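Note that the protein sequences, when read in sequence, are chains A and B. The numbering used here puts the first residue of the first sequence at 1, with every later residue one more than the last. The numbering used here puts the first residue of the second sequence at 1, with every later residue one more than the last. Cβ coordinates follow ideal geometry from the N, Cα and C atoms, glycine included. Every value quoted in this text rests on a predicted model; they were computed, and no experiment measured them. Have a look at the structure below, then the notes.
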Amino acid sequence: MDPADARPLDEPKPRPLTAVGLLARGIAAPSRDRLRSVGWTVISAAATAGVVAAILALLGANPATAFRALVSGALGNEFNFGQTVMITTLLALTGLAAAIPFSARLWNVGGEGQMYFGAFCAAGLGLTLPASLPHWFFAPLVLVLSALGGAVWGLIPGALKALINANEVIVSLMSVFAAILLADYAITVIWPQGIAPQTQDAPANTLLPNIWSGTLVTAGAPVALFCVLVAWVIMARTRLGFEIRAVGLNPFASRLNGMRVGRIAVYAFMLGGAFAGAAGAIAVVGIYGNLPTDFSGNFGFLGIAVALLARLSPLWILPSAFFFAILRVGSNGLQVATGLSPSVGEIIVATFVILLLAFRVIRLRYAEAAQ
Amino acid sequence: MYTLTIVSFGEQREDATPEARGSIVMRGITKAYGATIANDSVDFELRPGEIHALLGENGAGKTTLMNILFGLVAQDEGEIVIGGEPVRFASPHDALARGIGMVHQQFMLVQNFTVAENVVLGAISKWNMAFRRAEVERGVQETAERYGLAVVAGQRIRELPVDAQQRVEILKLLYRGATILILDEPTSFLGPAQVDRLFGTLKELRDTGHSIVIVTHKLREVMAVADRVTVLKKGRNVVTAERGSFDERMLAVAMTGRDLLALPPRTKAHLDEAALFRVRDLVVHGARALHAVHGVSFDIHAGEILGIAGVEGNGQRELVDSIAGIIKVESGTVVLDGQELTGVSPQRLHAAGVSIIPEDRRVWGLVLDMTVAENLALAQIPGGDFSQRGILRWRDVRMRARELLELYDVRPADPDVPVISLSGGNQQKVVLARELARDPKLLIAAHPTHGLDVGATEYVHRRLLEVRESGSAVMLVSHDLDELLKLSDRVLVLFRGRVRYEAPVSELSMDEMAMAMAGTGGGAADAELAHVGAGGDPAT
């Protein structure tokens, strides 16, 4: 017989640890627990670093050298640092794309697709709208409309969830492939550049200005920073954010208390999609200057890990995205310093994600046992 | 060659007479959970062949004490002596080996298994289970008949009503040779007729030499069945008394530490005016039964409490959920104060002046991981309060929360703690505060005191009467007949989704009401059939 079942009725039973419950619990950590949870994050990050070091050692590299190469590869000089900043920009936006629907307990795994569609919109709008539009108007217009495009792409799983209760994981994942094919069609058929697998260059009037000479950092970076702040305000200070959190934590009570659960699902997905769409647009008009194939570097998917590491909190998205950007950019330096294949960088990222999640489970089990 | 080990096991036990087994004595039992002391040097003695009630409010430490006796929890201090021999149980298996068995509030039955399978589960080998099914079933049936437990060994658990499931739990223990039965709040899910029947069974078991502990907080049950009673309060012994030397009043004082206050006098309901709330021919489909609510009609006047009685699973939940806009109304009308509200959304209900105290506050009432302030504003925020162009004014939310916390005496009165950290009674006060603060025209209260201790229950009752006095209509759904009779002006009984009985409380016949709850016009055979049909699942 399970002792847990012998509790008096009045005492809340621990809810089972499903992936859903796991994440939902991270959404609203009570403030008094926040310090302890930061402590946990530090412990788990340290232990994770230990495991990664062990893997590196097994592959025949000196972990200390590798770490140094990783960090200096990402932050060591202005150019690399700039690259890290721009990747942080993209990851912060795709992180938001995951974090906001996740807060409503909607698993948006389609950030990649929403990002692709945003990029498609950015490239397409630049090439089809009259190039005579003034720069101060055209570039922001492209950004905003592309973000809206991302929102529309996010609307698909959100609306299907709300209307017919379609599984949002499957729909959002499928919408990724549709968006990738659409981008490929744009690259090969609609606006082909010629030999290079990319679209024609976006007109100069749509490009985001460089804001740090000697690096690739463009105005996209402050745009992402602004988006993070907006997301934080929405989640913490608005009615919509409150409703998103409430529905995520308890859809039943939310419904009985007058929240329109379906509508909130749609809004959460659209918000997430808009941020991913902005990421795609920034990649096109703020980094590449056109839409190349495989431009995303899987950042749409990596955004999920960013959101989870940030525990779905918009403000924590920034450091979380920065962390993953360091890993990504730094792994280029890894090859030079240690002779390891660049794919080791991918392995490290994956290891981090798996271990952090594992620690999260351990932590919740521990908390439950302490209850 | 296998023999059905369990049968010989049972026979083995029978030759040990109750006297030889002696009393169970728990002495100086202390158990602390962190800073909370659940049992503080508690003494308890169970004599052979008695029914001993362990009485106390929620959190008095009753269940903890019994969990210790059953080997689920280890005591920090104190000893357990059985027949003069000190024992220490590491697990329920150890306890069961000494003939001690426990039926928990939540049954532990496999819904898709038959009665026989559940009874023998874990007690016989898989081999026997698979290949000697008929024999096993016969053995179980014989055991059931020997103890006068009306169950059919071949039936599946999910087809059984709650009281039959409970009998299966008891049978499970008897089959394993238990002679000492601990029943934790055994009547929580039973109607009055079923309670009588359970008590009959318990008395028979006692007369055949079993010892029984019933853990309860209901005075009536102690009066009805207990040979002795031990009262616990805040983890300590208050009194142990023999039948004849206790009465309801004395037990109430022992349990709560004070006399229960009389309820305030009530004014007359506005019966001469047109009814405030009208339900006509309501039909609702349930998850299991096609017609969970089958053409129910009733009126509630301003200043009137209508009590809805019935054994669990007779359409009460669907009735409430359909009015609350959670599940679909197939046909019929719901009208409040001239405004038709059939099947409208929860937000429109709020606007029309309907408040709901839902059946399960932890699922439908509260967002447990949010703060008290957020929960108090849960319905107002979607309604557009506290926000300007979509931006929330948290200062106002928290200020309003402080007011409500004080007004409804919630402890701690801190708007920023997560509501999950509050006790059940205080959680319910948060729900009450939110629902009553908006001055509802109609209040629907579903089991508003379920799982609450006596003090919190009394508080809820007073608040409900206040709502009544303010001229609102109140629809009170409860399994607790005492509560219904105490609060309601009129009671109706639901049986299989229909109104079986309706009467003002002043003219009510308890016999007729009990029969209506059992679905009988007479005849016990009828009742049996009715029970099977009305089966509800306590866990959902």
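Discussion item. Helix, strand or coil, according to DSSP, for residue 77 of chain B in the structure here?
Written reply: strand
Discussion item. On the DSSP letters alone, give me the boundaries of the alpha helix (DSSP H) that residue 94 of chain B sits inside.
Written reply: 92-97
Discussion item. From the DSSP secondary-structure annotation, give me the bridge partner or partners of residue 231 of chain B.
Written reply: B:55 and B:239
Worksheet item: Quick one, which of A:357, A:349 and A:335 has its alpha-carbon nearest residue 69 of chain A's?
Response: A:335
Practice prompt. Output, in sequence order along the chain, the residues in the region 245-265 of chain A whose CB is closer than 8 Å to any CB in chain B.
Written response: 245, 246, 249, 250, 252, 253, 254, 255, 256, 257, 258, 259 and 260
Item to complete: Quick one: give me the first and last residue of the beta strand (DSSP E) that residue 101 of chain B is part of.
Response: 100-103
Practice prompt. Starting from residue 355 of chain B, trace the beta strand (DSSP E) both ways and give me its first and last residue.
Written response: 354-357
Worksheet item: What separation, rounded to the nearest whole angstrom, lies between the Cα atoms of residue 138 of chain A and residue 289 of chain A?
Response: 14 Å
Discussion item. Going by beta-carbon coordinates alone, are residue 240 of chain B and residue 230 of chain B separated by less than 8 Å?
Written reply: yes
Practice prompt. Could you please give me the residues that DSSP links to residue 174 of chain A through a beta bridge?
Written response: Residue 174 of chain A pairs with nothing; no bridge assigned.
Discussion item. Can you list, in chain order, the residues of its chain with a C-beta nearer than 7 Å to that of residue 541 of chain B? Leave out the 5 residues immediately preceding and following it.
Written reply: Shown here, chain B extends from 1 to 540; a query on residue 541 of chain B therefore has no answer.
Worksheet item: Are the Cβ atoms of residue 480 of chain B and residue 58 of chain B separated by less than 8 Å?
Response: no
Worksheet item: When DSSP builds the beta bridges, which residues end up paired with residue 215 of chain B?
Response: B:54 and B:184
Worksheet item: Can you tell me whether residue 403 of chain A is buried or exposed, with buried defined as 16 or more other CB within 10 angstroms of its CB?
Response: There is no way to answer for residue 403 of chain A, as the model of chain A reaches only from 1 to 371.
Practice prompt. Report yes or no: is there a C-beta of chain A within less than 8 Å of the C-beta of residue 390 of chain B?
Written response: yes
Item to complete: Count the other CB atoms, across all protein chains shown, that sit within 10 Å of the CB of residue 257 of chain A; report buried if there are 16 or more and exposed otherwise.
Response: buried
Practice prompt. Helix, strand or coil for residue 24 of chain B, going by three-state DSSP, please let me know.
Written response: strand
Item to complete: Please look up how many angstroms separate the CB atoms of residue 75 of chain A and residue 84 of chain A, rounded, as I've assumed it's under 8 Å.
Response: 6 Å
Discussion item. Measuring straight from C-alpha to C-alpha, what distance separates residue 307 of chain B and residue 93 of chain B?
Written reply: 44 Å
Worksheet item: What residues of chain B sit near residue 105 of chain A, judged by a beta carbon separation below 8 Å?
Response: Per Cβ cutoff of 8 Å: no residues; residue 105 of chain A is ~12 Å from chain B at best.
Discussion item. Run through chain A and tell me which residues come within less than 9 Å of residue 347 of chain B, C-beta to C-beta.
Written reply: 257, 258, 259 and 260
Worksheet item: Under a Cβ-count criterion, where at least 16 other Cβ atoms within 10 Å of its own Cβ denotes burial, should residue 171 of chain A be classed as buried or exposed?
Response: buried
Worksheet item: Taking Cβ positions only, does residue 237 of chain A come closer than 8 Å to chain B?
Response: yes
Worksheet item: Taking only runs of the beta strand (DSSP E) that begin and end inside the region 419-476 of chain B, which ones reach a length of at least 3 residues, in chain order?
Response: 442-446
Worksheet item: What residue from B:410, B:63, B:461 and B:399 has the CA that sits closest to residue 234 of chain B's CA?
Response: B:63
Discussion item. Taking its Cβ as the centre, do 16 or more other Cβ atoms sit within 10 Å of residue 510 of chain B, making it buried, or is it exposed?
Written reply: exposed
Item to complete: Pull out every residue of the region 315-349 of chain B whose Cβ sits closer than 7 Å to any Cβ of chain A, in chain order.
Response: 324, 326, 346 and 347
Discussion item. Rounded to the nearest angstrom, what separates residue 310 of chain B and residue 456 of chain B at their Cα positions?
Written reply: 23 Å
Worksheet item: Would you report the Cα separation of residue 161 of chain A and residue 337 of chain B, rounded to the nearest angstrom?
Response: 36 Å
Worksheet item: Leaving out five residues before and five after residue 316 of chain A in sequence, what residues of the same chain have Cβ atoms less than 7 Å from its Cβ?
Response: 310
Discussion item. For residue 91 of chain A, tell me which candidate among A:360, A:307, A:352 and A:343 has the shortest Cα-Cα distance.
Written reply: A:307
Discussion item. Using only the alpha-carbon positions, how far apart do residue 10 of chain B and residue 176 of chain B sit?
Written reply: With a pLDDT of only 37 at residue 10 of chain B, under the threshold of 50, the placement of this residue in the model should not be trusted, and no figure is reported.
Item to complete: Could you tell me if residue 185 of chain A is buried or exposed, where buried requires 16 or more neighbouring beta carbons within 10 angstroms of its beta carbon?
Response: exposed
Worksheet item: For residue 131 of chain B, which of helix, strand or coil comes out of DSSP?
Response: helix
Discussion item. Looking only at its chain, what residues have a beta carbon closer than 8 Å to the beta carbon of residue 22 of chain B, apart from the 5 residues adjacent to it on each side?
Written reply: 48, 82, 83 and 84
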